[in-house]
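In the working numbering, the protein residues as written are 3 to 66.
Glycine included, C-beta positions come from ideal geometry on N, C-alpha and C.
One structure is given below, encoded as structure tokens.
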Amino acid sequence: MSQKTFLLTVAVLFSLIGLLHLLRLVFGWEAIVGGLIVPMWISWVAILVTGYLAYEGLRLGKRS
């Protein structure tokens with residue numbers, strides 16, 4: 003797998019994960035991990051992090 007293919011694949015995956023966090027916020031879905039309810043604010047952080055990683059993956063993928 004070339005570096006460009008890898009970066010674009012990673013960018014798509016991070017975009018999908020960010021979209022799922024956004025849908026969780028919009029629809030109010032609960033996330034339970036190990037019996038603990040994950041607070042909604044975690045999804046806001048996850049959207050920012052995954053959005054940045056997806057952006058960087060796309061940017062670097064287009065450059066290489």
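Does any residue of chain B bring its CB to less than 8 Å from the CB of residue i?
{"i": "Ile19", "result": "This model lacks chain B altogether, as it is built from one protein chain only."}
So, are the CB atoms of residue i and residue j less than 8 Å apart?
{"i": "Gly63", "j": "Lys6", "result": "yes"}
{"i": "Gly59", "j": "Val12", "result": "yes"}
How many angstroms separate the CA atom of residue i from the CA atom of residue j?
{"i": "Gly36", "j": "Trp43", "result": "18 Å"}
{"i": "Arg26", "j": "Ala56", "result": "19 Å"}
{"i": "Gly30", "j": "Ile39", "result": "12 Å"}
{"i": "Val14", "j": "Ala33", "result": "22 Å"}
{"i": "Ser75", "j": "Phe16", "result": "The displayed coordinates of the chain run from 3 to 66. Any statement about residue 75 would go beyond what the structure contains."}
{"i": "Leu18", "j": "Ser4", "result": "21 Å"}
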